[in-house]
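For reference, the structure is listed below as structure tokens.
2 protein chains.
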Amino acid sequence: MRPQVLITLDRNGAESLQEQIYQRIREQIVTGTLRAGASVPSSRLLATQLKVSRNSVIFGYERLINEGYLIARPMVGTFVADVLPDRDVGAEPIVAPEAEAADPRPAPIFTGRPHAILNNSNIPIDFWTQRTDPRAFPLKTWRRLVMQSLAAAGHNLTEYGDPCGLMPLRVEIAEHVGAARGLRVRPEQVVIVAGAQLALNLLLRLLASTGDEIAVENPCNQGAAYLFESHHMRLLPIAVDRAGIDATRLAASNARLAYLTPSHQFPMGATLSLERRKTIARWAQRTGAHIVEDDYDNEFRYDGSPLPAIAAMAPDHVIYLGTFSKSLGAGLRTGYAIFPEHLVDAAATAKALLDNGQVWLEQAALARFMQGGGFGRHLRRCQQHYYTRRNALIARLRERFGDVELMGADAGTHVAWKLPPSLAPAHNVKAIARTRNIAVYTVQSGGGHEYDGDAFESDWLLLGYASLSEEQIRAGIDRLAEVLALNDPISRNRTTLAPMEQRATSLPPS
Amino acid sequence: MRPQVLITLDRNGAESLQEQIYQRIREQIVTGTLRAGASVPSSRLLATQLKVSRNSVIFGYERLINEGYLIARPMVGTFVADVLPDRDVGAEPIVAPEAEAADPRPAPIFTGRPHAILNNSNIPIDFWTQRTDPRAFPLKTWRRLVMQSLAAAGHNLTEYGDPCGLMPLRVEIAEHVGAARGLRVRPEQVVIVAGAQLALNLLLRLLASTGDEIAVENPCNQGAAYLFESHHMRLLPIAVDRAGIDATRLAASNARLAYLTPSHQFPMGATLSLERRKTIARWAQRTGAHIVEDDYDNEFRYDGSPLPAIAAMAPDHVIYLGTFSKSLGAGLRTGYAIFPEHLVDAAATAKALLDNGQVWLEQAALARFMQGGGFGRHLRRCQQHYYTRRNALIARLRERFGDVELMGADAGTHVAWKLPPSLAPAHNVKAIARTRNIAVYTVQSGGGHEYDGDAFESDWLLLGYASLSEEQIRAGIDRLAEVLALNDPISRNRTTLAPMEQRATSLPPS
Numbered sequence: 005m006r007p008q009v010l011i012t013l014d015r016n017g018a019e020s021l022q023e024q025i026y027q028r029i030r031e032q033i034v035t036g037t038l039r040a041g042a043s044v045p046s047s048r049l050l051a052t053q054l055k056v057s058r059n060s061v062i063f064g065y066e067r068l069i070n071e072g073y074l075i076a077r078p079m080v081g082t083f084v085a086d087v088l089p090d091r092d093v094g095a096e097p098i099v100a101p102e103a104e105a106a107d108p109r110p111a112p113i114f115t116g117r118p119h120a121i122l123n124n125s126n127i128p129i130d131f132w133t134q135r136t137d138p139r140a141f142p143l144k145t146w147r148r149l150v151m152q153s154l155a156a157a158g159h160n161l162t163e164y165g166d167p168c169g170l171m172p173l174r175v176e177i178a179e180h181v182g183a184a185r186g187l188r189v190r191p192e193q194v195v196i197v198a199g200a201q202l203a204l205n206l207l208l209r210l211l212a213s214t215g216d217e218i219a220v221e222n223p224c225n226q227g228a229a230y231l232f233e234s235h236h237m238r239l240l241p242i243a244v245d246r247a248g249i250d251a252t253r254l255a256a257s258n259a260r261l262a263y264l265t266p267s268h269q270f271p272m273g274a275t276l277s278l279e280r281r282k283t284i285a286r287w288a289q290r291t292g293a294h295i296v297e298d299d300y301d302n303e304f305r306y307d308g309s310p311l312p313a314i315a316a317m318a319p320d321h322v323i324y325l326g327t328f329s330k331s332l333g334a335g336l337r338t339g340y341a342i343f344p345e346h347l348v349d350a351a352a353t354a355k356a357l358l359d360n361g362q363v364w365l366e367q368a369a370l371a372r373f374m375q376g377g378g379f380g381r382h383l384r385r386c387q388q389h390y391y392t393r394r395n396a397l398i399a400r401l402r403e404r405f406g407d408v409e410l411m412g413a414d415a416g417t418h419v420a421w422k423l424p425p426s427l428a429p430a431h432n433v434k435a436i437a438r439t440r441n442i443a444v445y446t447v448q449s450g451g452g453h454e455y456d457g458d459a460f461e462s463d464w465l466l467l468g469y470a471s472l473s474e475e476q477i478r479a480g481i482d483r484l485a486e487v488l489a490l491n492d493p494i495s496r497n498r499t500t501l502a503p504m505e506q507r508a509t510s511l512p513p514s
Numbered sequence: 005m006r007p008q009v010l011i012t013l014d015r016n017g018a019e020s021l022q023e024q025i026y027q028r029i030r031e032q033i034v035t036g037t038l039r040a041g042a043s044v045p046s047s048r049l050l051a052t053q054l055k056v057s058r059n060s061v062i063f064g065y066e067r068l069i070n071e072g073y074l075i076a077r078p079m080v081g082t083f084v085a086d087v088l089p090d091r092d093v094g095a096e097p098i099v100a101p102e103a104e105a106a107d108p109r110p111a112p113i114f115t116g117r118p119h120a121i122l123n124n125s126n127i128p129i130d131f132w133t134q135r136t137d138p139r140a141f142p143l144k145t146w147r148r149l150v151m152q153s154l155a156a157a158g159h160n161l162t163e164y165g166d167p168c169g170l171m172p173l174r175v176e177i178a179e180h181v182g183a184a185r186g187l188r189v190r191p192e193q194v195v196i197v198a199g200a201q202l203a204l205n206l207l208l209r210l211l212a213s214t215g216d217e218i219a220v221e222n223p224c225n226q227g228a229a230y231l232f233e234s235h236h237m238r239l240l241p242i243a244v245d246r247a248g249i250d251a252t253r254l255a256a257s258n259a260r261l262a263y264l265t266p267s268h269q270f271p272m273g274a275t276l277s278l279e280r281r282k283t284i285a286r287w288a289q290r291t292g293a294h295i296v297e298d299d300y301d302n303e304f305r306y307d308g309s310p311l312p313a314i315a316a317m318a319p320d321h322v323i324y325l326g327t328f329s330k331s332l333g334a335g336l337r338t339g340y341a342i343f344p345e346h347l348v349d350a351a352a353t354a355k356a357l358l359d360n361g362q363v364w365l366e367q368a369a370l371a372r373f374m375q376g377g378g379f380g381r382h383l384r385r386c387q388q389h390y391y392t393r394r395n396a397l398i399a400r401l402r403e404r405f406g407d408v409e410l411m412g413a414d415a416g417t418h419v420a421w422k423l424p425p426s427l428a429p430a431h432n433v434k435a436i437a438r439t440r441n442i443a444v445y446t447v448q449s450g451g452g453h454e455y456d457g458d459a460f461e462s463d464w465l466l467l468g469y470a471s472l473s474e475e476q477i478r479a480g481i482d483r484l485a486e487v488l489a490l491n492d493p494i495s496r497n498r499t500t501l502a503p504m505e506q507r508a509t510s511l512p513p514s
């Protein structure tokens, strides 16, 4: 008997189809309609039955798998888990209708979807896209800088600081972006923030109203896109290719605000070409539009010379975002936004109203690090590390998979790999890899989001390499090649592989 | 010749009158229409000339004085500064009209006024309202905790953490508020934030839309009120007396959101009575309203027993805010928001979209501090310190000024003092004190804001005492008594005082 799940979808409802699929199946599992061990239809079959896109089913299933309701057994099928997660099941009967009536609790008006930022997996070889190497962190130096800062703390621990940040750090950053990115800015234009995400919230306050249009790259950075969505802005997704966002389409649009990642497009990795940068700078100058230039990963460029920031071409039209999450560590939660002169005063007021300023100690230690030249030396060491790892990854991919088609390899800390038709779709590769303790990512699961279709979502895999040693990278690609060959019906009979549990132990420790 | 300033005001313009007064006078100074050393009219005179409230002129003047355009010489007059601040003057001629036309740069859509959070004064005896004692910070312990945390950092410096905060810290906080405030919460309800200001931004995303009404105390906390204003909410200011906000008026209102500071009303210091807490809790339960309970200063209660938090009475209707800015230091930028169960999921998503989480190191050190019991011991030490200082302040005020009328003395780290008619208005006392290197604050300059009138603004003075030694407190009140007596036409002839420069050196070092 073919496995079956009976679901009624509301195509005009507020909930997305994938959300409905997730909810309905979860309900049937929780209520026992679908019993432990029961098999659920393949995503292809259920998509056909429900007349929905396969991705809707895949995302619904992935969430159920991640939350422990379903178990995927590759090559066999997907099944209802024997041991259900008790959190949700237990929570179900608590709501007493009479209490509800006596005690009205309006639902939050916020609508937003969570973006992929936290990765708690214990997977030994994890090509996660948003992780740098903990071993590359200059811990000894940082301890010294923290100690020196604390020794000179004075009233800084007990007093509010300038909401725009510690001036010595702003001075260092203004110098740094001058030398590294050709930006000529006053320290007063630099606002220290707890990362690019907070900076986006800050600049939306200055520049965006509900219903405003904002141009975004497609696919784009989930954290940014979901934030814009949650503010009920109208998103205008513009396709990305190997030279970055389609600048001609952007320049022809009516958008007055655009969010771009020119150094290493997130998630695809493209570097925006010089020609397109010029087109975009001219467009902004002509129309008075503002560009949010999220210049993450500009520090890591391996091939070709770095291209000038758009902020250097149209300084009055660009809010430039930089982060220390990639160059030092995301746990420091320190980044900066550089505002054009005409926004500086409003930004200062809005920043104060947003968070009353940034933690002092990290700012103080970082200012010392930059002043002493240590930050520059650290950056050069990381560049060398990540360059070697990138090379190891590309070499091994070519060894095992032939002439692989990559994007974003000339910069940053992750690459996008276009899977050959025999291996696609990407979520399959991801699921199969997971069975061998390898984590690879689709656009969506890796922190990106694709609007209008699934060309990137189904064909491309994201591989972050900065946090893995060369040995781990090679072992990861080897295992991936093995398990994909095992999964390929043609080659399956040709290859003889030991059972995965035995082989797993022969891998180098992570 | 009477000093004169010719100003035309636009009473229908978007800019407030005080803003216009500030701008017009500043322009005249920058362009040289008002020359260095020129005297400007008294606030009373200019207010009469312009037919505006005297406060509008006072605030305009204060800003010009703070920014260095004007110099106040008490008992003599106010004058255009000899050396102008060069930042704004220099920036003036950069804008070339032709570039402006070719290069449209729309102004920011953000409208908000800056709140008083930063205090960079070098005034030796500063009764600033938002400062704790740097000498009370447990620096040695903190260094050890920071070192221990860094030694065990692992991947925490290089990885994103849970946007809602470090779980061990959330566990400790859940326990702490259970013991200290009677709140029974799961750690998952606790969200670590960079202070109460960020928490307000977070919960507005969950609960407020443009145009929504929000009830606030009157006078109220400037940082909160200005944030609500900047989101174009309709503020409903409700009067505060010695028992806190008028709960009957709140319960009769149509507001569905209220921002309260029950432990030590900011800025007046009232503790909300038990009866009123109950009224407010019942109101929220009956109407489904949400209360933002900013429980700052709950740690410092000197007289009477602590009252239960409103969150303990109506847990489903209260977002409870706590901060370590008062108990440890504002430079740590660490606080927490506790959400009712029905808001927990939305809060987690909104928090991630707001800032991707909080700096790791401070959270880790604080969790260790709380786990080891050190935080509790530190709190008790601070309570004793601040209690002694409060007593010194009250005793000296009584000695020098007789039976002073105070508010907010039984808790917190500042008191409000109702000036006798012979000394009022408060901004005069503030200005006169400043000439003797003593800083005291009006409601507005101390971080509060009064809507609909100036009863509190003109009659009450705010005195923060936590950061001053007992000697400094006594010396400060003594000097204040002397300079006010000097300023009092009746007593002037009776008192003989050494010139202030000579006396200043005889004070204990700050």
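From first to last, the protein sequence lines stand for chains A and B. Just so we're aligned, residue 5 is where the first sequence starts under our numbering, counting upward by one. Just so we're aligned, residue 5 is where the second sequence starts under our numbering, counting upward by one. Glycine included, C-beta positions come from ideal geometry on N, C-alpha and C.
Proximity of residue i and residue j at Cβ, strictly below 7 Å
i, j, result
"Asn441/B", "Pro172/B", "no"
"Ala293/B", "Met317/B", "no"
"Ser57/B", "Ala368/B", "no"
"Leu466/B", "His418/B", "yes"
"Met272/B", "Gly412/B", "yes"
"Leu311/A", "Leu278/A", "yes"
"Glu176/A", "Met374/A", "yes"
"Arg372/A", "Ala198/A", "no"
Rounded C-alpha distance that separates residue i from residue j
i, j, result
"Thr275/B", "Leu202/A", "34 Å"
"Phe328/A", "Glu71/A", "32 Å"
"Leu210/A", "Val189/B", "36 Å"
"Ile29/A", "His119/B", "50 Å"
"Arg290/B", "Leu261/B", "13 Å"
"Arg404/A", "Gly480/A", "11 Å"
"Gly457/B", "Leu208/B", "27 Å"
"Gly333/B", "Thr136/B", "7 Å"
Minimum C-alpha distance to residue i - residue among the options
i, options, result
"Gln32/B", "Val44/B, Gln22/B and Leu21/B", "Val44/B"
Any C-beta of chain B under 7 Å from that of residue i
i, result
"Ser125/A", "no"
"Gly378/A", "no"
"Ile121/A", "yes"
"Leu128/A", "Sequence inspection shows Pro at residue 128/A; the Leu mentioned does not correspond to that position. For Pro128/A, the answer is no, since every Cβ of chain B falls outside 7 Å of its Cβ."
"Glu409/A", "no"
"Phe141/A", "yes"
Per-residue contacts from residue i into chain A (C-beta, under 7 Å)
i, result
"Gly336/B", "Residue 336/B is actually Leu in this sequence, not Gly. Residues of chain A passing the Cβ test: Leu161 and Val363."
"Thr230/B", "The question names Thr, but residue 230/B is Tyr in the sequence shown. Per Cβ cutoff of 7 Å: Leu357."
"His268/B", "Those within 7 Å of His268/B in chain A number zero; the least Cβ separation is about 18 Å."
Any C-beta of chain A under 7 Å from that of residue i
i, result
"Asp301/B", "no"
"Asp166/B", "yes"
"Gly569/B", "The requested residue 569/B is not part of the displayed model; chain B covers only 5 to 514."
"Thr517/B", "Since the first and last residues shown for chain B are 5 and 514, residue 517/B lies out of range."
"Ala459/B", "no"
"Pro112/B", "yes"
"Gln22/B", "no"
Contact list for residue i against chain B, beta-carbon separation under 8 Å
i, result
"Asp137/A", "Thr162"
Interface partners of residue i on chain B, CB under 9 Å
i, result
"Gly158/A", "Pro138"
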